[in-house]
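>
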Amino acid sequence: MIKTRYRCMMAMASLIIVGSPLCADAQRLKKNNPSITISPNDTEADIIRKAAQVTPTNAQLRWQKLELTAFIHFGINTFTNREWGDGKEDPKSFNPTALDARQWARVCKEAGIKQIILTAKHHDGFCLWPTKTTDHSVKSSPWKNGQGDVVKELAAACAAYGLGFGVYVSPWDRNSPSYGTAAYNDLFVKQLTELLTQYGKIDEVWFDGANGEGPNGKKQVYDFPRWYKVIRDLQPEAVIAVMGPDVRWVGTESGYGRATEWSVVPTTNTSQEQIAAGSQTNEIIKPEIDQMAADIGSREKIKGATGLVWYPAETDVSIRPGWFYHPEEDKQVKTPEKLLDIYFNSVGRNGVLLLNIPPDQRGLIHENDEKNLQEWNRLIESTFKTNLMKGATFKSVNGKNTRALNDAKFDSHWITKGTDTTASIEIHLQGPQTFDVFSIQENITVGQRIEAFVLEYQDGQEWKKITEGTTVGFKRLLRFPVVQAEKLRLRITSSRLNPTIAEMGIYKLVE
Ligand code: FUL
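The opening position of the sequence shown corresponds to residue 0 in numbering that gives the first Met the number 0, with each subsequent residue numbered one higher.
(1) With DSSP as the reference, label Ile35 as helix, strand or coil.
(2) Kindly examine the ligand FUL and report whether one of its heavy atoms sits closer than 7 Å to the Cβ of His325.
(3) At the level of alpha carbons, what is the spacing between Asn386 and Ile505?
(4) Compare the Cα-Cα distances from Asn400 to each of Gly446, His427, Tyr183, Ile500 and report the closest residue.
(5) At the level of alpha carbons, what is the spacing between Val453 and Asn32?
(6) Would you mind giving the Cβ-Cβ distance between Ser345 and Leu338, rounded to the nearest angstrom? I have them listed as a contact below 8 Å.
(7) Please state whether DSSP places Thr418 in a helix, a strand or coil.
(8) Out of Lys108, Ile46, Ser34, which one is the CA nearest neighbour of Glu66?
(9) Here's the rule I'm using: 16 or more other beta-carbon atoms within 10 Å means buried, otherwise exposed. How should Ser38 be labelled?
(10) How would you call Ala25, buried or exposed, if buried means at least 16 neighbouring beta carbons within 10 angstroms?
(11) Hey, how far is the Cα of Gln190 from the Cα of Thr132?
(12) For Ile46, which option in Pro335, Leu496, Glu502 has the closest C-alpha, if you only look at C-alpha atoms?
(13) Excluding the 5 residues preceding and the 5 following Thr96 in the sequence, name in chain order all residues of the same chain whose CB lies nearer than 6 Å to its CB.
(14) Assign Gln59 to one of three DSSP states: helix, strand, or coil.
(15) What's the call for Met503, buried or exposed, on a 16-neighbour Cβ count within 10 Å?
(16) Between Gly124 and Arg173, is the Cβ-Cβ spacing less than 8 Å?
(17) Hey, His135 and Trp171: beta-carbon distance below 8 Å or not?
(18) Verify the contact flag: Glu88, CB atom, against every heavy atom of the ligand FUL, threshold strictly below 7 Å.
(19) At what residues does the alpha helix (DSSP H) containing Asn367 begin and finish?
(20) Determine the DSSP secondary structure at Phe323, reduced to helix, strand or coil.
(21) Does the segment 250 to 269 come close enough to the segment 208 to 225 that 3 or more CB-CB pairs lie under 8 Å?
(22) In terms of DSSP beta bridges, what is Gln503 paired with?
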């Protein structure tokens with residue numbers, strides 16, 4: 000007995016980074032289980048069960064709960080009216096006349112956005128902070144006589160408005176003479192170090208994959224493992240996105256995630272030995288998956304994996320056609336209705352929305368963007384203000400803790416008893432209600448499990464389908480033609496392990 004416990008404790012200690020379902024005690028005791036190994040002896044059923052027990056790290060959970068985040072694309076391109084600079088721009092062209100980072104933070108805050116990521120350096124290599132690594136930065140610009148620091152101003156504004164703060168640092172640098180050589184990786188480490196040590200807490204570091212040729216005609220070999228380590232050492236609570244191990248790109252720039260969106264994905268680039276070695280060397284595993292594939296985590300996809308990793312989707316899109324501000328696009332700002340559709344298809348599809356709002360040449364978010372964001376926020380807030388399921392009575396024969404279904408607490412949950420992976424919950428509303436939105440959330444701190452569900456209403460003696468879905472994850476939102484009913488039934492028809500529900504609700508869309 001003592002021996003078994005000792006073994007479990009040892010397993011936990013050595014597998015903190017990669018996680019492993021080696022023993023049940025360790026499973027129960029461990030808080031996070033962001034990756035799991037698959038052994039050659041595992042059956043398909045074992046793999047499915049393991050997938051259902053992969054859970055986010057604390058940083059990933061914090062990030063997922065944000066739901067709405069913003070990108071600020073701002074830099075030399077704002078002044079040259081381009082999307083991609085070539086690095087030959089004169090720093091003197093950077094000259095915002097009324098830059099006010101507090102306005103950016105206020106507009107975002109009022110739109111319900113919880114975190115802002117700034118393009119500290121885009122592909123043109125121009126740095127928005129006075130870096131010691133190059134003169135191609137704000138310090139060579141006329142803005143504030145070369146004394147300004149956009150990163151500092153936005154970090155302070157985010158802190159003042161209670162928003163998270165992150166940096167986009169482009170690995171591709173079309174200005175740096177060392178790009179294409181090993182020396183560039185050292186320069187990049189210096190730039191990262193400045194950004195991660197001089198501006199307080201950094202919540203997200205965003206790496207794009209673009210990779211061109213340097214002055215020597217060679218493509219840069221990016222030293223991502225080294226860069227990840229710098230970030231883990233200096234800002235251990237930050238998530239590293241897209242070309243990083245914590246957050247994946249949803250695969251399009253349209254703002255629309257997949258209807259079936261798994262946060263657990265297979266690794267095949269890492270052998271079991273590598274994952275095991277990683278636990279000793281703190282190696283960071285980034286799953287090499289095709290982020291654009293239609294299916295990334297189904298039973299079919301995970302059955303040949305050597306490991307399983309929590310790797311959730313971030314859905315990025317710009318409020319305008321371009322990522323940077325262009326005056327000719329002032330009338331092409333996405334409407335509140337379009338933004339609402341994006342909300343339902345990003346946040347409502349188990350993703351975090353990363354909405355780009357590019358400031359103009361004044362250094363301000365344009366009035367048109369602000370207006371549409373305010374109206375978008377009104378639509379969301381007023382729709383989700385009243386949960387018409389409140390006060391309902393719930394009946395689920397094989398479920399436990401029905402009280403948790405709408406106690407407005409994400410960390411409590413309803414779950415099936417025994418080994419049941421399907422369930423039926425009858426919902427008796429407080430009188431007939433009129434609604435056209437269904438919201439459901441799993442408690443992802445125990446894993447993502449639900450694979451299929453149906454929502455029905457009772458019409459006389461008959462149960463009629465309102466809507467249905469596949470994955471749930473952190474949040475699934477569904478819209479449908481208006482229904483009036485007093486009795487509903489949720490049937491979970493497939494799940495990888497005991498399904499959980501953290502919260503549930505029905506709402507009426509507000510116009
Ligand atoms: C892309 C970049 O090339 C775009 O300019 C933009 O920054 C977008 C978010 O990522 O890959």
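Cβ atoms here follow ideal geometry from the backbone N, Cα and C, with glycine treated the same way.
On the basis of the coordinates in this document:
(1) Your numbering for residue 35 matches position 36 in the sequence shown. Strand at Ile35.
(2) Working through the sequence shown from its first residue, we reach residue 325 at position 326. His325: no, Cβ never under 7 Å from the ligand FUL.
(3) Working through the sequence shown from its first residue, we reach residue 386 at position 387. Working through the sequence shown from its first residue, we reach residue 505 at position 506. Taking the straight line joining both Cα atoms gives about 6 Å.
(4) By 1-based counting over the sequence shown, the position of residue 400 is 401. Scanning Gly446, His427, Tyr183, Ile500 for the CA closest to the CA of Asn400 turns up Ile500.
(5) The residue given as residue 453 occupies position 454 in the sequence shown. The residue given as residue 32 occupies position 33 in the sequence shown. Taking the straight line from one Cα to the other gives about 29 Å.
(6) Mapped onto the sequence shown, residue 345 falls at position 346. Mapped onto the sequence shown, residue 338 falls at position 339. Between Ser345 and Leu338, the beta carbon gap of about 10 Å keeps them out of contact (Cβ cut-off 8 Å).
(7) Here residue 418 refers to the residue found at position 419 when the sequence shown is read from its first residue. Judged by DSSP in its simplified three-state form, Thr418 adopts coil rather than helix or strand.
(8) Within the sequence shown, numbered from 1, the residue matching residue 66 stands at position 67. Comparing Cα-Cα distances from Glu66 to each of Lys108, Ile46, Ser34, the minimum goes to Lys108.
(9) Here residue 38 corresponds to residue number 39 of the sequence shown, with the count starting at 1. Exposed: under 16 other Cβ atoms inside 10 Å.
(10) Your numbering for residue 25 matches position 26 in the sequence shown. For Ala25, the pLDDT reaches just 36, beneath the cut-off of 50, and the residue's location in the model is therefore unreliable, although a value from the coordinates is still provided. With 16 or more other Cβ atoms within 10 Å, it is buried.
(11) Here the question's residue 190 lines up with position 191 in the sequence shown. Here the question's residue 132 lines up with position 133 in the sequence shown. CA-to-CA, the gap between Gln190 and Thr132 works out to about 7 Å.
(12) Here residue 46 corresponds to residue number 47 of the sequence shown, with the count starting at 1. With distances taken between Cα atoms, Ile46 lies closest to Leu496.
(13) In the sequence shown, residue 96 corresponds to position 97, counting from 1. In the same chain as Thr96, and ignoring 5 residues on each side of it, the C-beta atoms closer than 6 Å to its own belong to Arg361, in chain order.
(14) Numbered from 1 along the sequence shown, position 60 holds the residue referred to as residue 59. In the structure shown, Gln59 falls within a helical segment according to DSSP collapsed to helix, strand and coil.
(15) Translated into positions along the sequence shown, residue 503 becomes position 504. Buried: at least 16 other Cβ atoms inside 10 Å.
(16) Within the sequence shown, the letter at position 125 stands for residue 124. Within the sequence shown, the letter at position 174 stands for residue 173. Yes; because the gap between Cβ atoms is below 8 Å, this pair is in contact.
(17) On the sequence shown, residue 135 is found 136 positions in, with the first residue counted as 1. On the sequence shown, residue 171 is found 172 positions in, with the first residue counted as 1. Contact: no.
(18) By 1-based counting over the sequence shown, the position of residue 88 is 89. Result no, Cβ not under 7 Å from the ligand FUL.
(19) Sequence index remark: in the sequence shown, residue 367 carries index 368 (1-based). 366 to 382 is the span of the alpha helix (DSSP H), which, as asked, contains Asn367.
(20) Within the sequence shown, residue 323 is the residue found at index 324, counting from 1. Correct three-state label for Phe323: coil.
(21) Contact fails: fewer than three Cβ-Cβ distances are below 8 Å.
(22) Your numbering for residue 503 matches position 504 in the sequence shown. Note that residue 503 is Met in the sequence shown here, rather than Gln. In DSSP, Met503 forms a bridge with Ile439.
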